[in-house]
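From first to last, the protein sequence lines are chains A and B. Sequential numbering from 133 applies to the first sequence in the numbering used here. Sequential numbering from 220 applies to the second sequence in the numbering used here. What follows is a set of notes on a single structure, which appears directly below.
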Amino acid sequence: MSGAPLLEIEDLAVEFRTGGGVVRAVDGVNLTLARGETLGILGESGSGKSVTSLAIMRLVRAPRGKITRGAVRFEGRDLLTLTPAEMRQVRGGSIGMIFQDPMTSLNPVLTIGRQLVEPLELHLGMSRRAARARAAELLATVGIPEAVRRLDNYPHQFSGGMRQRVMIAIAVACEPKLLIADEPTTALDVTIQAQILELIRRLQAELGMALILITHDLGVVAGAADRLAVMYAGRVVEDGPTDAVFANPKMPYTIGLMHSIPRADDEGALSPIGGQPPDLSALPPGCAFAPRCDFARPVCRERVPEPRTVGPGHRARCLFDIDPARVGAVREGVAP
Amino acid sequence: MKSEVAVAPADTAAIPRQPGWIRRLLRNKGALVGLAILFGWIFVAIFAPMIAPYDPTLTVARARQAPSAEFWFGTDQLGRDLVSRVLYGSRISLSLGLISVTLGAIPGITLGLLAGFYGGWVDTVISRFVDALLAFPSILLALLVIATLGPSLQNVMVAVGVATVPEFARLTRGSVLAIKALPYVDAARVVGAKGLRIMVLHILRNANAPIVVLATLQVGAAILIGAGLSFLGLGAQPPTPEWGLISAEGRQVLRKAWWISTFPGLAILSVVIACNLVGDGLRSALDPKMRNS
């Protein structure tokens, strides 16, 4: 992890104007990513993890959605200030992206080959013939048998897992330096999930890509990510080395997440996090998690806690030092 | 674990190479019948002078003769042979239907695509304009154009074209709005595709099914509007053998000479049905998912 980071997100904020007011989907996110590193972004629905990834690609839709402040520096250039033409070179060229739902992420009326050839023609200026040959290679790389013949098939002739492989092939076609995978396994069967994750990891190693793995599945990030960022209500509430965050979570939300995992050695009931995620158009003035937090005190509701260093490279947005071991005691009614 | 993850066994089954959409269209029996009727009429339109037994504008027999061995469709009020008039009429009605729909579809689809894709003020401007056009009945809109340009067959084509623009624009806009939100459009952006490429390759190609169906329906409607304008004396001028005009001329004597209105009416009907059959077949043929039927 030496030298300048590959990606540096600084104070990024994204807002959506809706009938019910302004929704702050992302509110002051800071993240860095070194070359070849894997960053897991963990959070529940609506926590802003997908919007963050769309903002990196500048795909937040005007006029409703808008990046209101911040910078996204990729190899030193702020992506938010690029011209549309420069941005198109980045998309699919140096940053690849795969989406959650492989069933609808491929154009149903174009053959797989046609769609694989597109980035090659757009970014590498390859001829049709050369691009087709490369497309067949790519399909073989992602583990699709009889690749040459399969180029002429349409998306509906592939299973979900196979389509996700095709999506991955398209995303890595131009050997990007960064791959953003937005819930790449959520729509797939458990057995296929493992295969897809393994494929992403293999390609990452082969191409030396950095990876942003967005998920709500703790199991997915535990095995794959070097570092972890936990998002809640549009903010990164805790980030640090994956091992440290799992072993010693400091933010009560993260602690709650860790406790909500079913464990093989514990036959008791699951312990969910009580309450509901906050309404993003009417966030409380203080810590967004305070209304659901067992440890919340009046001061928590007054101002948003700044990230606090709690270990080497490990930061949490919480005012207090909370011992994860005591969470159980709190649940049983003992005061913190 | 590295190499064995590569292949999911369920997908290795052989998949036959897919036939093109033309072959798929020809496998559809309805579309085949429709195409046969349309090509039949096109053949008739091209070779009318050789097929028609008489000159369509000359009086060749007694007026209002019932269909007989000599005059299969009978004769009209002026003693002209109806078979010849209907055969020659195909030239006018077919070109009227096809040309006016093309004239309406191209600007209509373009407007709808722009409105749906860009949204915002572009959408507002185009949609209000289209709404204003939609507020008028098609025939009135066509009348307005004719009143401006003057009555003639060419102007009828333009007028009917203008009258069908809002339908195409509205339908295209709706389809584009639905398709624009699908993940594969974002996926195309993520790959670095430009706006125009996304509009045409990824959105329009997926929106073509309803548009093709509307176009085929509109061919029939265009022939009817054209006939209506001719009936009002604003389109084809007598003695031009236009189906709508012949039909309108026979209307006054429908009780005494049913054949004058009926045969051109049947001709219109056959073209409209043929267009619908072809449109339906095209819709299936263009949709890769319906290919096996």
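For every residue, glycine included, the Cβ atom is placed at its ideal position computed from N, Cα and C.
Own chain, CB closer than 6 Å to residue i, minus 5 neighbours either side, in chain order
| i | result |
| --- | --- |
| B/Ser-312 | Ile-442, Trp-462 |
| B/Cys-494 | Thr-435, Val-438, Gly-439 |
| A/Ile-344 | Leu-171, Ile-312 |
| A/Lys-198 | Glu-147 |
| A/Tyr-385 | Tyr-364, Val-369, Phe-421 |
| B/Gly-316 | Val-438, Ala-441, Ile-442 |
| B/Val-384 | Gly-323, Pro-326, Gly-327 |
| B/Pro-458 | Thr-276 |
| A/Ser-237 | Phe-231, Met-299 |
| B/Leu-345 | A small fix is needed here, since residue 345 of chain B is Ile in this sequence, not Leu. Cβ neighbours of B/Ile-345 beyond the five flanking positions: Leu-330, Ala-334. |
| B/Gly-293 | Gln-284, Ala-285, Pro-286, Leu-301, Trp-478 |
| A/Val-362 | Leu-174, Val-369, Glu-370, Thr-386 |
| B/Ile-398 | Ile-422, Asn-425, Ala-426 |
Span separating the alpha-carbon of residue i from that of residue j
| i | j | result |
| --- | --- | --- |
| A/Ser-392 | B/Gly-411 | 40 Å |
| B/Ile-465 | B/Ser-480 | 7 Å |
| A/Leu-211 | A/Gly-202 | 11 Å |
| B/Ile-256 | B/Arg-246 | 16 Å |
| B/Asp-499 | B/Ala-455 | 31 Å |
| B/Val-490 | A/His-348 | 58 Å |
| A/Pro-394 | A/Pro-404 | 10 Å |
| A/Arg-261 | A/Val-249 | 9 Å |
| A/Ala-145 | A/Gly-178 | 14 Å |
| B/Ala-504 | A/His-288 | 15 Å |
| A/Thr-150 | A/Arg-196 | 7 Å |
| B/Val-472 | B/Gly-393 | 45 Å |
Proximity of residue i and residue j at Cβ, strictly below 8 Å
| i | j | result |
| --- | --- | --- |
| B/Asp-295 | B/Glu-468 | yes |
| B/Thr-391 | B/Leu-332 | yes |
| B/Leu-359 | B/Arg-389 | no |
| A/Ala-267 | A/Leu-283 | yes |
| B/Ile-417 | B/Ile-328 | no |
| A/Leu-329 | A/Ala-356 | yes |
| B/Ile-487 | B/Ala-361 | no |
| A/Met-299 | A/Ile-230 | yes |
| B/Leu-297 | B/Ala-282 | yes |
| A/Val-222 | A/Phe-206 | yes |
| A/Ala-414 | A/Phe-378 | no |
| B/Pro-259 | B/Pro-483 | Reading off the sequence shown, one finds Gly at residue 259 of chain B, where the question assumed Pro. Not closer than 8 Å, so no. |
| A/Pro-308 | A/Gly-225 | yes |
| B/Val-320 | B/Leu-496 | no |
| A/Leu-271 | A/Ala-279 | yes |
| B/Leu-368 | B/Val-377 | yes |
| A/Gly-293 | A/Ile-324 | yes |
Collapsed DSSP secondary structure at residue i in the structure displayed
| i | result |
| --- | --- |
| B/Lys-475 | coil |
| B/Val-226 | Per-residue confidence for B/Val-226 stands at a pLDDT of 41, beneath the threshold of 50, marking its modelled position as unreliable; no derived number is given. |
| A/Tyr-286 | coil |
| A/Asp-397 | coil |
| A/Met-219 | helix |
| A/Val-322 | helix |
| B/Asn-495 | helix |
| B/Val-252 | helix |
| A/Met-133 | In this prediction, A/Met-133 has a pLDDT of 44, which is less than 50 and means its spatial position is unreliable; what the coordinates show is noted afterwards. If DSSP states are grouped into helix, strand and coil, A/Met-133 belongs with coil. |
| A/Ile-405 | coil |
| B/Tyr-307 | helix |
| A/Ile-454 | coil |
| A/Val-204 | strand |
| A/Asp-233 | coil |
| A/Glu-330 | helix |
Own chain residues within Cβ distance below 7 Å of residue i, not counting five before or after
| i | result |
| --- | --- |
| A/Gly-443 | Gly-372, Ala-376, Asn-380 |
| A/Ser-182 | Asp-314, Ile-346 |
| A/Pro-437 | Cys-419, Arg-449, Cys-450, Leu-451 |
| A/Gly-407 | Pro-423, Arg-424 |
| A/Gly-208 | Ala-136 |
Neighbourhood of residue i by C-beta distance below 8 Å, restricted to the same chain and skipping five residues each side
| i | result |
| --- | --- |
| A/Met-133 | Because the pLDDT of A/Met-133 is 44, which lies under 50, any placement of that residue in the model is unreliable, and the number read from its coordinates should be weighed accordingly. Contacts found: Ala-166, Glu-169. |
| B/Val-341 | Leu-333, Ala-334 |
| A/Leu-389 | Leu-174, Leu-350, Val-362, Pro-381, Ile-405 |
| B/Asp-506 | Ala-428 |
| A/Gly-152 | Ser-413 |
Contact with chain E by residue i, beta-carbon distance below 8 Å
| i | result |
| --- | --- |
| A/Val-241 | Within the model displayed, chain E is absent; protein chains A and B are what it includes. |
| field | Every unbroken alpha helix (DSSP H) within the region 361-437 of chain B, with a cutoff of 4 residues, ordered by chain | value | 372-399, 402-410
| request: May I have a chain-ordered list of the beta strand (DSSP E) segments no shorter than 3 residues that lie completely inside the region 331-372 of chain A? | output: 342-347, 359-364
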